[in-house]
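Numbering (numbering that gives the first Met the number 0) for the sequence shown: 0 to 89. Beta carbons: idealized from backbone N, C-alpha and C, even for Gly.
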Amino acid sequence: MSAYKFQVLETIEALDEIEGILYTRMLNLATEGELKEISDSFEIGDVVPFKYEDLKNIQDPNVNLLMNIFNDVVNAKEKFKNLFPDIKAI
0 MSAYKFQVLE TIEALDEIEG ILYTRMLNLA TEGELKEISD SFEIGDVVPF KYEDLKNIQD
60 PNVNLLMNIF NDVVNAKEKF KNLFPDIKAI
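Structure (structure tokens):
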């Protein structure tokens, strides 16, 4: 694998991590804001089945800002993946 291809792979993996962090931040903001009532109906330790689709109707500008960044990260990751379709993992 070329050094450049390796760096593309490293970038994809970094974007994966960033995607997860952003998703967690969006959920945390939403469950302490607009979705607090729903969140409060669960016990500590429960797995709350939120999906990305659940966040699309949130009006909180901070959640929306993170959603825009999240979407940009997802799109960038796909573009990097398309550079070398044969890339799977290090």
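Below 8 Å, too few C-beta pairs join the segment 74-89 and the segment 26-40 to call them touching: fewer than three.
Here the segment 10-17 does not lie against the segment 44-61, with fewer than 3 beta-carbon pairs under 8 Å apart.
Following the DSSP letters along the chain, one finds P48 in no alpha helix (DSSP H), marked with neither H nor E.
Under the rule that a run must span 3 or more residues, no beta strand (DSSP E) segment is found entirely inside the segment 11-82. Only exposed fits L82, as fewer than 16 other CB atoms lie within 10 angstroms of its CB. A check of alpha carbon separations from L28 across Y3, P48, L65 identifies L65 as the nearest.
Per the coordinates, the alpha-carbon of S1 lies some 49 Å from the alpha-carbon of F41.
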